[in-house]
Amino acid sequence: MLYKKFLLIAFLACGVSVYGQQNQYLTVSKDGKKVGLSAARASFLAQLPLHCIQTEYPNKPNHTLETAQEVALSPKQLHPSFYGCLDWHSSVHGHWMLVKILKTYPNLPETQQIIAMLENSFSTENLQKEADYFNQYKLAKGFERTYGWAWVLKLDEELLTWDSPMAKRWHKNLQPLTQVIVQRWTEYLPKQTYPNRTGVHPNTAFGMVFALDWARATKNTAFEQILVQRSKDYYFKNKAVAATLEPDGTDFLSPSLEIADLMRRVLAPQAFVQWFNQFYTAEGLKNVLQLPIVSDRSDYQIVHLDGLALSKAWCLLGIAKQLPKTDLRKKQFQEKATTFLQKTLPNIANGNYGGDHWLGSFAMYALSLEVE
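Sequential numbering from 2 applies to the sequence shown in the numbering used here.
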């Protein structure tokens, strides 16, 4: 264990890959079996958010300046909980990842370090300031819409569904921010005439997936009804989607698979299969089942394509669950998801901050769906 930590510290400090030494933790067999989330793998993955959550720079604050005085505000002053990991949304899902790891494996060597970090981030004062940010600045109304909003609700859901006194306290402290996010979303959806079909942060379907999961977990039926209706408004009549044009060069989400992942939550199984059969052409489906090619993992935008492979994996796993056992695509999608994980997991911690600050969360979410 000490040797593993030494290797990790070395690659984080020097910013170069120790790919060969990482293989025992991230490389998986290609025997067709599930990848799995072992305690050792979770322990290694935990190092990624542990390193970046309190790393303030480099930083991409995405704050629209309203006054000259705001130029002097540091990321930590603006966001005392979620200032690290390059940007706000990556910090939020880095926190989700640590909660997920702690919840799944409560006795890792990193447990106390994780708890201490989360105690600081989830303090009443810090989270209240995060909530206040959305009201303090007039132009922050659309801040992190809707990608960051979605990850706040996923974090809230993870804490809510964890029967732990510590988690209950953290969940309570998060409520001011959670409620601001729900309010923002409730105000925005009726005004969003057209969905965003992009493969990056503003993707509407991705955000609605996590929002719908949260609404159902919290039994917020009013919010759930809005999400279900808007999903149908946006996507129910979609046919022969242009999936042959995917991906764009910086995608970390598949626009078409994200829609399918949403609609399998919205429609009953039989209705979903009918919808899905018309949604994809044979050529389009064949195309989205291809592994993305990542030519330069040192490039902060091109490395997005590793995230695309991981998000494809979780979409395919979810869609497969809705398909009947007699549907040959069920096994095909499950096998493709496993292949995407096998081929991508070894690359998510290659010593470059462009991927290290966020890809672990994508891997964790995909792995958590795989083991369900």
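Glycine included, C-beta positions come from ideal geometry on N, C-alpha and C.
Keep in mind that this is a model prediction, so the values were computed, not measured.
Query: N60 to V183 span [Cα, whole Å]; Result: 26 Å
Query: Beta-carbon contacts of Y235 that lie in its chain and below 6 Å, excluding the five residues immediately before and after; Result: P196
Query: Residue range of the alpha helix (DSSP H) that includes D262; Result: 256-267
Query: Residue burial classification, F237 (beta-carbon count within 10 angstroms, cutoff 16); Result: exposed
Query: Rounded separation between H90 and A272 - CA only; Result: 34 Å
Query: Distance CB(L311)-CB(A364) smaller than 8 Å; Result: yes
Query: Check whether N351 and R298 have beta carbons under 8 Å apart; Result: yes
Query: For R146 and Y189, believed in contact at Cβ under 8 Å, the rounded distance; Result: 7 Å
Query: Coil, strand or helix - L87 by DSSP; Result: strand
Query: Unbroken alpha helix (DSSP H) run spanning D249, endpoints; Result: Unbroken run through D249: none, as it is neither H nor E.
Query: L74: first and last residue of the uninterrupted alpha helix (DSSP H) it sits in; Result: Here L74 belongs to no alpha helix (DSSP H), and DSSP marks it neither H nor E.
Query: Residue of W152, A47, L370, Y301 minimising C-alpha distance to P107; Result: A47
Query: Outcome for K287 when other beta-carbon atoms lying within 10 angstroms are tallied against a minimum of 16; Result: exposed
Query: Segment contact, 8 Å Cβ cut-off, at least three pairs: the segment 114-129 with the segment 146-156; Result: no
Query: Spatial distance of Y354 from S362 (CA atoms); Result: 14 Å
Query: Residue closest to F135, alpha-carbon to alpha-carbon, out of N63, S122, E158; Result: N63
Query: Exposure label - D32; buried when at least 16 CB within 10 Å; Result: exposed
Query: At least three beta-carbon pairs within less than 8 Å, the segment 154-162 to the segment 218-231; Result: yes
Query: Simplified DSSP assignment, three categories, for N121; Result: helix
Query: Every unbroken alpha helix (DSSP H) inside the segment 152-238 [4 residues or more]; Result: 166-189, 205-218, 222-236
Query: Closest by C-alpha distance to A151, when choosing among Q137, L119, N204, T105; Result: N204
Query: Start and end residues, alpha helix (DSSP H) containing G1; Result: Examination of residue 1 is not possible in this model, given that the chain is present from 2 through 373 alone.
Query: Where L254 falls, given that 16 or more other Cβ within 10 Å makes a residue buried; Result: buried
Query: Cross-strand partners of N60 (DSSP beta bridge); Result: L87
Query: Local Cβ density within 10 Å of V267, reported as buried at 16 or more and exposed below that; Result: buried
Query: N-terminal and C-terminal residue of the alpha helix (DSSP H) that E336 is part of; Result: 329-345
Query: Residue from D88, L74, V29, L175 with nearest C-alpha to T56; Result: D88
Query: N-terminal and C-terminal residue of the alpha helix (DSSP H) that Y366 is part of; Result: 360-371
Query: Alpha-carbon spacing of P76 relative to I54, whole angstroms; Result: 12 Å
Query: E284 versus D262, A241, P256, residue with shortest Cα-Cα distance; Result: A241
Query: Spatially closest choice to L109 from A69, Q70, S44, I116, by CA coordinates; Result: S44
Query: As assigned by DSSP and simplified to three states, the class of I115; Result: helix
Query: Candidates S232, N174, Q335, of which the one nearest R198 by Cα; Result: S232
Query: Alpha-carbon to alpha-carbon, G37 and Q22; Result: Because the pLDDT at Q22 is just 41, under 50, the model does not fix this residue reliably, and the value given afterwards should be weighed accordingly. If you take the alpha carbons of Q22 and G37, they lie about 20 Å apart.
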